[in-house]
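Structure first, commentary second.
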Amino acid sequence: MSYKLTVVVPVYNEEDNLLRVEQVFQDYFKIAAVPTQVLFVNDGSKDKSQELIETICARSEGFQFISFAKNYGLSAAIKAGFDYTTTPLVGYIDSDLQTTPEDFNILIKYAEDYDLVTGHRADRKDSFVKNMSSTIANTIRRAFTHDGMDDTGCPLKVIKTDYAKRIPMFRGLHRFLPAMIMLQNGKTIQVPIRHFPRIAGTAKFGLWNRLLGPLMDCFAYLWMKKKYINYEVAKKSNG
1 MSYKLTVVVP VYNEEDNLLR VEQVFQDYFK IAAVPTQVLF VNDGSKDKSQ ELIETICARS
61 EGFQFISFAK NYGLSAAIKA GFDYTTTPLV GYIDSDLQTT PEDFNILIKY AEDYDLVTGH
121 RADRKDSFVK NMSSTIANTI RRAFTHDGMD DTGCPLKVIK TDYAKRIPMF RGLHRFLPAM
181 IMLQNGKTIQ VPIRHFPRIA GTAKFGLWNR LLGPLMDCFA YLWMKKKYIN YEVAKKSNG
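Counting from 1, one number per residue, gives the positions in the sequence shown under full-length UniProt numbering.
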């Protein structure tokens, strides 16, 4: 099959969710707006995640994987997913399935005119503390990046692969994907999507990761913005 979209699914100790990921994507493949495949990125899981991933990929068409030698973090997993994608579009979803693959069909509608399309969880099904800390973090990020995004951490995105591969990713910068596309003079848009409670596994990030960590990352982004090199080739030889 000639796939058009690769959905990167970072995995870290998600054995309780992976069979559900397989099933919901098997259902989604049948209704996908464009031919879609899944790329698991196992970020050094210590449970049975890798065993399950290999089982899924062996029996289910449309699933592939790469596995890290150790845990490198979410930004590294997303970056590796982008690096190993060969389709024109690359997507991203968390393995906890608090967002649904079905909503990729919503984002795909905008992918021709925009270089990054990100979901906006307008009705989040998280705890009060998690929602409040994310709201504060997003407010801080907007003040630094001026990207206009209300929910930059939403784990449902579609990006043109050419742009995704040029993102100079480092630890924590997964929170700045829209801003990093804008540094490339790319166009971004946010679109409302559905959000669901987590029903299996445990969240991997606490208050530090959602609030204080992103504040420190903002200064890293400002440094990168100042140093970022962007160019456009007007002509080149045919040789």
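For each residue, glycine too, the CB sits at the ideal point set by N, CA and C.
For a test of the three-state rule: what should DSSP assign to residue i, helix, strand or coil?
i    : result
F40  : strand
Y84  : helix
R171 : coil
F63  : strand
R20  : helix
K227 : helix
L5   : strand
K160 : strand
F205 : Reliability fails at F205, whose pLDDT of 46 lies under 50, so the model's placement of it is uncertain and the value that follows must be treated cautiously. Here F205 sits in coil by DSSP.
Y28  : helix
P101 : helix
P10  : strand
P155 : coil
P178 : helix
Y92  : strand
Q190 : strand
So, are the CB atoms of residue i and residue j less than 8 Å apart?
i    : j    : result
V8   : V117 : no
P88  : F25  : no
D103 : K160 : no
I106 : I31  : no
G172 : A220 : yes
G119 : V191 : yes
G53  : F65  : Strictly speaking, residue 53 in this sequence is Ile, with Gly absent from that position. For I53 and F65, yes; Cβs fall inside 8 Å.
Using only the alpha-carbon positions, how far apart do residue i and residue j sit?
i    : j    : result
N71  : Y28  : 29 Å
V129 : K235 : Confidence in V129 is poor, its pLDDT being 48 and thus under 50, which makes the residue's placement unreliable; the coordinate value appears in the next sentence. Looking at the two C-alpha atoms, the distance is approximately 53 Å.
K165 : E14  : 26 Å
N42  : N185 : 31 Å
F63  : W223 : 37 Å
C57  : G44  : 18 Å
K48  : L19  : 12 Å
P10  : Q37  : 14 Å
Q50  : D217 : 30 Å
K227 : M180 : 13 Å
L177 : S237 : 33 Å
H174 : R59  : 31 Å
R112 : N17  : The sequence given here places Glu at residue 112; Arg does not occur at that position. About 32 Å.
T188 : K4   : 20 Å
G73  : F170 : 10 Å
E61  : S2   : 13 Å
H195 : A122 : 8 Å
F40  : Y231 : 32 Å
D162 : Q23  : 29 Å
Let's test the definition: count the other Cβ atoms within 10 Å of the Cβ of residue i and tell me whether it reaches 16, buried, or not, exposed.
i    : result
I229 : exposed
G206 : In this prediction, G206 scores a pLDDT of 48, lower than 50, which makes its location untrustworthy; no coordinate-derived value is stated.
S95  : buried
V21  : buried
P168 : exposed
K98  : Correcting the residue type first, residue 98 is Gln in the shown sequence and not Lys. With 16 or more other Cβ atoms within 10 Å, it is buried.
T86  : exposed
Y12  : buried
V158 : buried
N109 : For the record, residue 109 in the displayed sequence is Lys; it is not Asn. Exposed.
P155 : buried
K79  : buried
F82  : buried
A76  : buried
Is the CB of residue i under 8 Å away from at least one CB in chain B?
i   : result
P10 : You won't find chain B in this structure, because it holds only one protein chain.
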